[in-house]
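Trainee:
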Amino acid sequence: MSARAVDPVERAGGQAAMALPAAFVTFFLLIPLALTIVVSFWERAGFKLKPAFTLASYLEFLGGVRLLVLERSLVAAAISTAIGLAIAYPIAYYLARHVRRELARSVLFLFSVPFLVNYVIRTFAWTYLLGRTGPINAALLATGLTDASVDWLLFSDFSVQIGFVTSYMPFMVFPLWLSISGIDRRLTEASWILGANPWRTFLRITLPLSLPGIFAAAIFGFVGAFGDSAVPIILGGVGYQMIGNSITSTLDVLNYPLAAAMSSVVIVAMLALLGIWFLAFDLRSFLGKILRWRV
Amino acid sequence: MLFGQGISRRTLLRQSIVSAAALPLITRLSSQALAATKGTVQFADIGVGDPGGDWSKYTAASGYGVNLVAFGNAPSAILNVLIAGGGQGTYDIINIVGGMQKPLVENNLIDEIDTARMPNWAKDSFVQKFLAPGTPGFDFIGYDNKIYGVPTVIQGDSFAYLPEATGGELTSYGALFDPKFKGYVALEDNYTTAGQKTALYLKAAKLATINDPHDMTPGEIKAVVDFLIEKKKEGQFRVIWNSFEQSVGLLVNKEVYVMDCWEPMVFVANSKGVKAVYAKPAEGYLLWAMAAYIVKNPNRSKEQTDAAYALLDFMLGGWYGAKITSLRGYMTNPQAVDYAKANSGDFSADEAAKVEAITKGVEAKLAQGGTWQNRWPTNVETYESEWARFKAA
Numbered sequence: 001m002s003a004r005a006v007d008p009v010e011r012a013g014g015q016a017a018m019a020l021p022a023a024f025v026t027f028f029l030l031i032p033l034a035l036t037i038v039v040s041f042w043e044r045a046g047f048k049l050k051p052a053f054t055l056a057s058y059l060e061f062l063g064g065v066r067l068l069v070l071e072r073s074l075v076a077a078a079i080s081t082a083i084g085l086a087i088a089y090p091i092a093y094y095l096a097r098h099v100r101r102e103l104a105r106s107v108l109f110l111f112s113v114p115f116l117v118n119y120v121i122r123t124f125a126w127t128y129l130l131g132r133t134g135p136i137n138a139a140l141l142a143t144g145l146t147d148a149s150v151d152w153l154l155f156s157d158f159s160v161q162i163g164f165v166t167s168y169m170p171f172m173v174f175p176l177w178l179s180i181s182g183i184d185r186r187l188t189e190a191s192w193i194l195g196a197n198p199w200r201t202f203l204r205i206t207l208p209l210s211l212p213g214i215f216a217a218a219i220f221g222f223v224g225a226f227g228d229s230a231v232p233i234i235l236g237g238v239g240y241q242m243i244g245n246s247i248t249s250t251l252d253v254l255n256y257p258l259a260a261a262m263s264s265v266v267i268v269a270m271l272a273l274l275g276i277w278f279l280a281f282d283l284r285s286f287l288g289k290i291l292r293w294r295v
Numbered sequence: 296m297l298f299g300q301g302i303s304r305r306t307l308l309r310q311s312i313v314s315a316a317a318l319p320l321i322t323r324l325s326s327q328a329l330a331a332t333k334g335t336v337q338f339a340d341i342g343v344g345d346p347g348g349d350w351s352k353y354t355a356a357s358g359y360g361v362n363l364v365a366f367g368n369a370p371s372a373i374l375n376v377l378i379a380g381g382g383q384g385t386y387d388i389i390n391i392v393g394g395m396q397k398p399l400v401e402n403n404l405i406d407e408i409d410t411a412r413m414p415n416w417a418k419d420s421f422v423q424k425f426l427a428p429g430t431p432g433f434d435f436i437g438y439d440n441k442i443y444g445v446p447t448v449i450q451g452d453s454f455a456y457l458p459e460a461t462g463g464e465l466t467s468y469g470a471l472f473d474p475k476f477k478g479y480v481a482l483e484d485n486y487t488t489a490g491q492k493t494a495l496y497l498k499a500a501k502l503a504t505i506n507d508p509h510d511m512t513p514g515e516i517k518a519v520v521d522f523l524i525e526k527k528k529e530g531q532f533r534v535i536w537n538s539f540e541q542s543v544g545l546l547v548n549k550e551v552y553v554m555d556c557w558e559p560m561v562f563v564a565n566s567k568g569v570k571a572v573y574a575k576p577a578e579g580y581l582l583w584a585m586a587a588y589i590v591k592n593p594n595r596s597k598e599q600t601d602a603a604y605a606l607l608d609f610m611l612g613g614w615y616g617a618k619i620t621s622l623r624g625y626m627t628n629p630q631a632v633d634y635a636k637a638n639s640g641d642f643s644a645d646e647a648a649k650v651e652a653i654t655k656g657v658e659a660k661l662a663q664g665g666t667w668q669n670r671w672p673t674n675v676e677t678y679e680s681e682w683a684r685f686k687a688a
């Protein structure tokens with residue numbers, strides 16, 4: 001079968017259609033990112049910036065406490081991503097396999113309802129719920145489960161993870177549901193016919209085939225938590241910081257090269273994670289499912 | 296200190312809701328602005344300098360309206376808006392917590408103030424009393440022996456406590472570090488407020504050698520932060536707060552009993568039925584002032600500059616001062632008390648009494664002294680990096 005000849009006008013139209021998003025990405029994403037990286041090597045001269053090539057800002061970042069903040073940010077985001085996946089996957093699986101598609105869509109819509117409320121306000125609500133005099137502690141005391149308020153419910157790693165998971169887990173359900181619902185049911189039926197039990201079928205068929213969705217969900221959850229700056233401030237207690245908070249702090253003393261160096265390291269770290277994702281998984285296998293579903 | 300870390304999103308949202316609720320008022324005031332045929336002064340403010348949206352007295356006198364725009368107080372926010380955000384061409388006046396002259400002047404962002412153009416300047420005895428050249432207070436309005444800011448608010452900060460929980464009156468910043476209140480203490484996330492108050496305490500208690508809490512050496516800052524880290528590791532602090540709402544919630548929900556904060560938070564807590572007290576510490580207060588700056592704009596017309604000066608002069612006057620004191624709880628200028636008492640049409644007897652009490656209270660704080668906050672100390676970067684060490688510890 002011969003390939004259809006592409007009409008030059010159609011090709012030109014396609015290129016023109018691509019020009020706008022390409023220009024948008026270039027001007028509003030690539031150029032600012034490039035400038036950030038360039039400024040990270042500059043020097044400060046009073047309140048001005050002086051073009052140069054110095055690693056001073058990187059050395060200050062990598063040699064100080066801010067590196068600990070980066071490490072903590074990576075760990076906290078990874079933990080919240082893992083917790084989010086552990087919660088979102090069963091929900092998505094159930095919706096994809098055991099619920100009618102119309103009902104599943106309604107339930108998925110419900111997952112988006114919390115986002116109608118400003119997320120800072122939602123986060124503030126946790127301080128009331130988890131506080132020493134809040135309803136959860138009141139219930140624990142009333143039921144006799146504790147004889148004093150449980151302090152670690154708020155202003156702790158626990159409360160930060162609550163904030164992250166409730167903020168970003170709903171985002172993770174959508175790609176997981178999409179991925180699982182796109183798996184050909186004949187494959188799982190074949191596994192059953194060949195004698196595999198449900199657990200083995202899940203491990204050998206469903207889980208591997210839903211990996212693109214898992215990684216898409218992981219990216220959504222990880223990037224959201226990693227870049228969050230409100231949850232640590234509101235729920236984190238004594239100085240809990242994510243890297244975004246630390247970058248903001250350096251901007252307060254107008255140390256733009258240091259802020260740029262920190263941002264550049266973060267960008268590189270995130271690009272590395274995305275690179276691993278693209279290398280390990282064929283993005284088309286996920287996007288193809290989206291296209292099929294939309295059709 | 297107000298909005299030490301910039302206006303939070305929640306604050307912004309709340310202000311938006313309040314603004315929507317105030318639409319009828321805005322409509323009325325808009326008609327006043329329309330009546331101001333000569334033009335409009337663009338006034339950026341951090342949320343303290345708004346006299347309830349009522350600029351009618353200024354408009355009647357000058358023919359100009361005032362367009363008040365919310366503005367962040369963090370140094371980076373201020374500079375970014377003025378330099379990168381086109382703020383120099385947009386705003387005539389910015390009203391922020393003072394002490395930012397060094398970065399603002401050295402970046403050529405504000406004009407020197409010609410005090411002779413403001414008749415009320417000479418009547419403001421607070422300037423000579425508390426903000427005179429050669430004193431730490433001058434750093435809130437001046438730089439390099441020149442005046443750049445017009446003082447709109449003067450205040451002294453300490454800390455708040457819940458007397459029913461603490462078991463009585465607290466009269467020292469030592470309460471913030473007292474093991475008796477372990478786990479029930481909150482600090483502000485700001486090295487020039489919490490850091491300086493800690494330094495004031497350490498110096499008074501002779502726990503560290505600190506020459507001047509107003510402008511510490513790197514070694515002194517390190518000593519302060521080492522002390523704070525030690526206390527943090529002992530579990531002394533419950534939280535470091537970042538916004539007005541958050542800190543009010545801590546008091547109202549009795550999450551903490553002792554809190555380094557601003558006095559208006561106590562007013563709000565009291566209004567919600569919680570008995571909170573603003574301490575009168577023996578070590579003195581963290582003193583500070585707000586300053587209104589004229590934004591440097593070579594393209595501004597002479598008439599517009601005149602209108603900006605007229606607005607600054609209005610802000611030094613009795614009506615505006617009394618209004619801000621009444622609304623915000625901060626001392627403003629010496630004419631405020633007499634104006635409130637003499638103009639019962641504008642201020643009720645209760646409001647006049649409140650203005651007088653607040654003014655006398657702050658004057659007493661200033662008389663006692665303490666340390667003037669330093670928003671841009673000599674070693675500001677060491678302050679920031681050491682504070683980052685405290686938070687990361």
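In order, the protein sequence lines correspond to chains A and B.
The first sequence: position 99 = 99 (our numbering), numbered continuously.
All you need for our numbering is the position in the second sequence, starting with 1, plus 295.
Even for Gly, the Cβ is constructed at its ideal location relative to N, Cα and C.
Okay, do the region 464–483 of chain B and the region 548–556 of chain B touch, 3+ Cβ pairs below 8 angstroms being the bar?
Mentor: For the pair of segments examined, the region 464–483 of chain B was found to touch the region 548–556 of chain B: the number of CB pairs separated by less than 8 angstroms reaches three.
Trainee: Drop a sphere of 10 angstroms on the beta-carbon of A34(A), count the other beta-carbons inside from all chains shown, and report buried for 16 or more, exposed for fewer.
Mentor: exposed
Trainee: Any C-beta of chain B sitting closer than 8 angstroms to the C-beta of R185(A)?
Mentor: It does not; no Cβ of chain B falls within 8 angstroms.
Trainee: Give me the chain A residues within the contact set of L374(B), using Cβ-Cβ distance strictly less than 7 angstroms, ordered along the chain.
Mentor: L254
Trainee: Compute the Euclidean distance between the alpha carbons of N245(A) and N390(B), then round it to the nearest angstrom.
Mentor: Using only the alpha carbons, I get a separation of about 26 angstroms.
Trainee: Please name the residue or residues paired with L363(B) in a DSSP beta bridge.
Mentor: F338(B)
Trainee: Rounded to whole angstroms, what is the Cα-Cα separation between D252(A) and N669(B)?
Mentor: 14 angstroms
Trainee: Using a Cβ cut-off of 8 angstroms, which residues of the region 104–138 of chain A contact any Cβ in chain B, in chain order?
Mentor: N118, V120, I121, F124, T127, Y128, G131, R132, T133 and G134
Trainee: If the cut is a Cβ gap below 7 angstroms, which residues of chain B does G46(A) touch?
Mentor: E401
Trainee: Scan the region 154–175 of chain A for residues whose Cβ lies nearer than 7 angstroms to a Cβ of chain B and list them as they occur along the chain.
Mentor: F155
Trainee: To the nearest angstrom, how far is it from the Cα of A494(B) to the Cα of N674(B)?
Mentor: 15 angstroms
Trainee: Can you name the residues of chain B whose CB is closer than 9 angstroms to the CB of G237(A)?
Mentor: F532, R533, V534 and I535
Trainee: Report the three-state DSSP secondary structure of V117(A) (helix, strand or coil).
Mentor: Looking at V117(A) - three-state DSSP - the assignment turns out to be coil, as it is neither helix nor strand.
Trainee: Three or more C-beta pairs under 8 angstroms: does that hold for the region 89–98 of chain A against the region 175–183 of chain A?
Mentor: yes
Trainee: Counting only beta-carbon separations shorter than 8 angstroms, does S73(A) have a partner in chain B?
Mentor: no
Trainee: Can I436(B) and G429(B) be called in contact, C-beta distance under 8 angstroms?
Mentor: no
Trainee: Flag this pair as touching only if the region 643–660 of chain B and the region 611–628 of chain B have three or more C-beta atom pairs under 8 angstroms; answer yes or no.
Mentor: By the C-beta criterion, the region 643–660 of chain B is judged to be in contact with the region 611–628 of chain B, since at least 3 inter-stretch pairs fall below 8 angstroms.
Trainee: What is the rounded straight-line gap between the Cα of I243(A) and the Cα of W416(B)?
Mentor: 46 angstroms
Trainee: Checking the sheet assignment: what are the DSSP bridge partners for Q450(B)?
Mentor: Looking at the DSSP assignment, Q450(B) forms a beta bridge with W583(B).
Trainee: Hey, is Y479(B) close to the ligand SAM, as in C-beta under 7 angstroms from one of its heavy atoms?
Mentor: Absent from the structure shown: the ligand SAM. Ligands present: none.
Trainee: Quick check on this structure: which residue in G227(A), A259(A) and I219(A) has the alpha carbon closest to the alpha carbon of G297(A)?
Mentor: A query on residue 297(A) cannot be resolved here, the shown segment of chain A reaching from 1 to 295 and no further.
Trainee: Starting from F562(B), follow the beta strand (DSSP E) in both directions and report where the run begins and ends.
Mentor: Looking at the DSSP string, F562(B) is not in any beta strand (DSSP E); the run it does join, the alpha helix (DSSP H), is E558 to S566.
Trainee: Tell me where the beta strand (DSSP E) around T666(B) begins and ends.
Mentor: G665 to W667
Trainee: Is any beta-carbon of chain A found at less than 8 angstroms from that of A369(B)?
Mentor: It does: the Cβ of A369(B) has a partner Cβ on chain A nearer than 8 angstroms.
Trainee: Whose C-beta lies closer than 6 angstroms to the C-beta of M262(A) among residues of the same chain, with five residues either side of it excluded?
Mentor: F61 and I247, listed in sequence order.
Trainee: Between which residues of its own chain and A317(B) is the CB-CB distance below 6 angstroms, once the five residues before and five after are set aside?
Mentor: Note on A317(B): pLDDT 49, under 50, position unreliable in the model; the coordinate value appears next. Contacts found: none.
Trainee: In its own chain, which residues sit with a C-beta less than 6 angstroms from the C-beta of F111(A), not counting the 5 before and 5 after it?
Mentor: P170 and V173
Trainee: Do you know how far the Cα of A688(B) is from the Cα of I524(B)?
Mentor: One C-alpha to the other measures close to 7 angstroms.
Trainee: What are the partner residues of F685(B), as DSSP defines its beta bridges?
Mentor: In DSSP, F685(B) forms no bridge with anything.
Trainee: In the DSSP assignment, find the alpha helix (DSSP H) that holds N415(B) and state where it starts and stops.
Mentor: P414 to K418
Trainee: Would you please verify whether the beta carbon of S246(A) is less than 8 angstroms from any beta carbon of chain B?
Mentor: yes
Trainee: Rounded to a whole number of angstroms, what is the C-alpha to C-alpha distance between F27(A) and P90(A)?
Mentor: Rounded to whole angstroms, the separation of the alpha carbons of P90(A) and F27(A) is 40 angstroms.
Trainee: If distances are taken between C-alpha atoms only, which option among V448(B), V590(B), T488(B) and P431(B) comes closest to V376(B)?
Mentor: V590(B)
Trainee: Please classify P21(A) as buried or exposed, where buried requires at least 16 other C-beta atoms within 10 Å of its C-beta.
Mentor: exposed
Trainee: Residues of chain B with CB under 8 angstroms from L59(A), in chain order?
Mentor: Neighbours of L59(A) on chain B: none; closest Cβ ~13 angstroms, over 8 angstroms.
Trainee: With DSSP collapsed to three states, give me the class of V75(A).
Mentor: Here V75(A) sits in helix by DSSP.
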